[in-house]
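**Q** In terms of my numbering, the sequence shown is residues 268 to 614. In this text, a Cβ means the ideal position worked out from N, Cα and C, and glycines have one as well. Quick caveat, the model's predicted, so the values are computed rather than measured. Right, I'll just put the structure down here and ask away after.
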Amino acid sequence: MTLPITIALDVMGGDHGPDSVLPGAELALARHPGIKFLLFGDEKIINNYLQKKPKLAAVSKVFHAELTIKGDDKPSAALRASKGTSMRLAIEAVKDKKAHVVVSAGNTGALMALAKLILKTVPGIHRPAIASVFPTMDKDTVMLDLGANVLVDSENLVQFAVLGSVFAKSRGVEKPTVGLLNVGSEETKGPDHVKGAAAILSRVEFPGQYYGFVEGDDITKGTVDVVVSDGYAGNIALKSAEGVGKLTSYLFKYYMMRDPIAIIGSLFSFGALKRIKNRIDPRRYNGGVFLGLNGLCIKSHGGCDPLAFSSAVSLASELATNGYVEKVAEDINNLIQQETFLSEETV
């Protein structure tokens, strides 16, 4: 992808809107000096901030948006009333080739619905999926779907495997290993659509290397580079992991503050504790990617702070730089040629 990368930001999206998005963009710019921004939202608020931030202002263009999609709006209602909203204008910038990628912390359902409507899916992809990165014992693991598709079939899971593999490759994994999330590792276990996907992945060539079935604990073990599941199980796994992280942080602080010896000991292990905290800090892994669209769309957590939003922007820059969409189209086309179940007529 030719630099500079231009990123469209829905400035008004999320619980904190410009209070997180604009400082987050500034943090991301410090890490990726070559990026540029298209900022969609209340121009008065945006320009007031940019007046105090000349470096960010120098790489930004502001586009006024009168309206904002609220966090509790239903996707259907948001679609009908989306004209002129900061979210829709930001997505349209990607469609019109004015930006390489859009990032929003706004309403997830509305963002997915609008992105599908405006950007469409890559030819050969039936449904887009939400993917994110999980920290593990020794590396990061890509997991999808995280909630976009509660009910799936074997074909969907195979397509998710392709999408996740290309995602992992764009992050530097040469030949990603792919596992299907299941209730056991034995070949006879699991629902028919999962076993059907396993049979297909075992015989076709795709960007990854099929590993087999994986269980819930394999996600954080780092057993494979890509974990594929339906959106129901994937979302539960995501929220469970977030909950475990919060519990761990709470228990550590709770017992530490009640033990003077532990407090003294922590002073000697401050560096190691800080590295552990950074490793599992969910803000550093913020950013769900809507994979399978004919354009890049990143969903930031709605309650994100500036650091978390900057992580989503960094992910956006990374994927745009590596030409993710073009690579997906190429690999899906290769899969179509191998398998009649993925015929072009099913698009």
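1) Is it the case that the Cβ atoms of P402 and A377 are separated by a distance below 8 Å?
2) Using a 10 Å radius around the Cβ and a threshold of 16 neighbouring Cβ atoms, would you call N553 buried or exposed?
3) Just list the beta strand (DSSP E) runs in the segment 552-612, keeping only unbroken ones of 3 residues or longer that don't cross its boundaries, in chain order.
4) Is it true that the CB of S287 sits closer than 8 Å to the CB of P573?
5) Could you give the residue range of the beta strand (DSSP E) that holds I385?
6) For S496 versus D412, is the C-beta distance shorter than 8 Å?
7) Could you tell me whether the segment 469-481 touches the segment 510-527, where touching means 3 or more Cβ pairs closer than 8 Å?
8) Taking C-alpha atoms, which residue in A344, E293, I302 and F427 lies nearest to K319?
9) Given a cut-off of 8 Å, decide if V481 and T487 are closer than it, judged by their beta-carbon atoms.
10) If we count Cβ pairs, one from each stretch, closer than 8 Å, do we get three or more for the segment 307-314 versus the segment 586-605?
11) Only counting the same chain, and skipping five residues up and downstream in sequence, which positions put a Cβ closer than 6 Å to that of Y499?
12) Does the beta-carbon distance from V445 to V493 come in below 8 Å?
13) Give me the residue from R551, K406, D484 and I313 with the minimum Cα distance to N449.
14) So what does DSSP say about G446, is it helix, strand or coil?
15) In chain order, what residues of the same chain lie with their CB nearer than 6 Å to the CB of L505, ignoring the 5 residues before and after it?
16) Is it buried or exposed, I530, if we count other Cβ atoms within 10 angstroms and call 16 or more buried?
17) To the nearest angstrom, how far is the alpha carbon of A464 from that of V425?
18) Whether or not the segment 343-353 and the segment 512-528 are in contact is what I'm after, with contact meaning three or more pairs of Cβ atoms, one per stretch, closer than 8 Å; do they touch?
19) Go ahead and pull the three-state DSSP assignment for G281.
20) Just the Cα atoms here: how many angstroms apart are D363 and T515?
21) Can the beta-carbon of M354 be found closer than 8 Å to that of G373?
22) Just the C-alpha distance for E333 and A360, rounded to the nearest angstrom, thanks.
23) Mind checking N561: buried by the 16 CB within 10 Å criterion, or exposed?
24) Could you tell me whether the Cβ atoms of F557 and S567 are closer together than 8 Å?
25) Where does the unbroken beta strand (DSSP E) through S327 begin, and where does it stop?
**A** In terms of the structure at hand:
1) To locate residue 402, count along the sequence shown from 1; it is residue 135. To locate residue 377, count along the sequence shown from 1; it is residue 110. For P402 and A377, no; Cβs fall outside 8 Å.
2) Stepping through the sequence shown from its first residue, residue 553 is reached at position 286. So N553 ends up on the buried side.
3) 555-558 and 563-566
4) Residue mapping note: residue 573 aligns to position 306 of the sequence shown, counting from 1. Residue mapping note: residue 287 aligns to position 20 of the sequence shown, counting from 1. Against a cut-off of 8 Å, the Cβ pair of S287 and P573 comes out as a contact.
5) Counting from 1 along the sequence shown, the entry for residue 385 is found at position 118. I385 -> not in any beta strand (DSSP E); alpha helix (DSSP H) instead, spanning T375 to L386.
6) Position 229 of the sequence shown, counted from the first residue, corresponds to residue 496. Position 145 of the sequence shown, counted from the first residue, corresponds to residue 412. Cβ atoms of S496 and D412: closer than 8 Å.
7) no
8) Here residue 319 refers to the residue found at position 52 when the sequence shown is read from its first residue. When each option's Cα is compared against that of K319, the closest is E293.
9) In the sequence shown, the residue the question calls residue 487 occupies position 220. In the sequence shown, the residue the question calls residue 481 occupies position 214. No; because the gap between Cβ atoms is not below 8 Å, this pair is not in contact.
10) no
11) In the sequence shown, counting from the first residue as 1, residue 499 sits at position 232. So the list reads V417, once near-sequence residues are dropped.
12) Walking along the sequence shown from the start, residue 445 turns up at place 178. Walking along the sequence shown from the start, residue 493 turns up at place 226. Contact: yes.
13) Residue 449 sits at position 182 when you count from the first residue of the sequence shown. The residue with the shortest Cα to Cα distance from N449 is D484.
14) For the purposes of this step, residue 446 is taken as the residue at position 179 of the sequence shown. Here G446 sits in strand by DSSP.
15) Within the sequence shown, the letter at position 238 stands for residue 505. Only L413 meet the Cβ criterion.
16) Reading the sequence shown from its first residue, position 263 is the one you call residue 530. Exposed, by the Cβ-count rule.
17) The count along the sequence shown starts at 1 and reaches residue 464 at position 197. The count along the sequence shown starts at 1 and reaches residue 425 at position 158. The straight-line gap from Cα to Cα measures roughly 6 Å.
18) no
19) Sequence index remark: in the sequence shown, residue 281 carries index 14 (1-based). Coil, per DSSP.
20) Taking the first residue of the sequence shown as 1, we reach residue 363 at position 96. Taking the first residue of the sequence shown as 1, we reach residue 515 at position 248. About 45 Å.
21) On the sequence shown, position 87 is the one that residue 354 refers to. On the sequence shown, position 106 is the one that residue 373 refers to. Yes, the Cβ-Cβ distance between M354 and G373 is below 8 Å.
22) As a first step, residue 333 is located in the sequence shown; it is residue number 66 there, counting from the start. As a first step, residue 360 is located in the sequence shown; it is residue number 93 there, counting from the start. If I take the Cα positions, the gap works out to 16 Å.
23) The residue given as residue 561 occupies position 294 in the sequence shown. Its Cβ being crowded by 16 or more others within 10 Å, N561 is buried.
24) Residue 557 sits at position 290 when you count from the first residue of the sequence shown. Residue 567 sits at position 300 when you count from the first residue of the sequence shown. Taking 8 Å as the Cβ cut-off, F557 and S567 do not qualify as a contacting pair.
25) Position 60 of the sequence shown, counted from the start, is the residue given in the question as residue 327. From DSSP, the beta strand (DSSP E) with S327 extends over S327 to H331.
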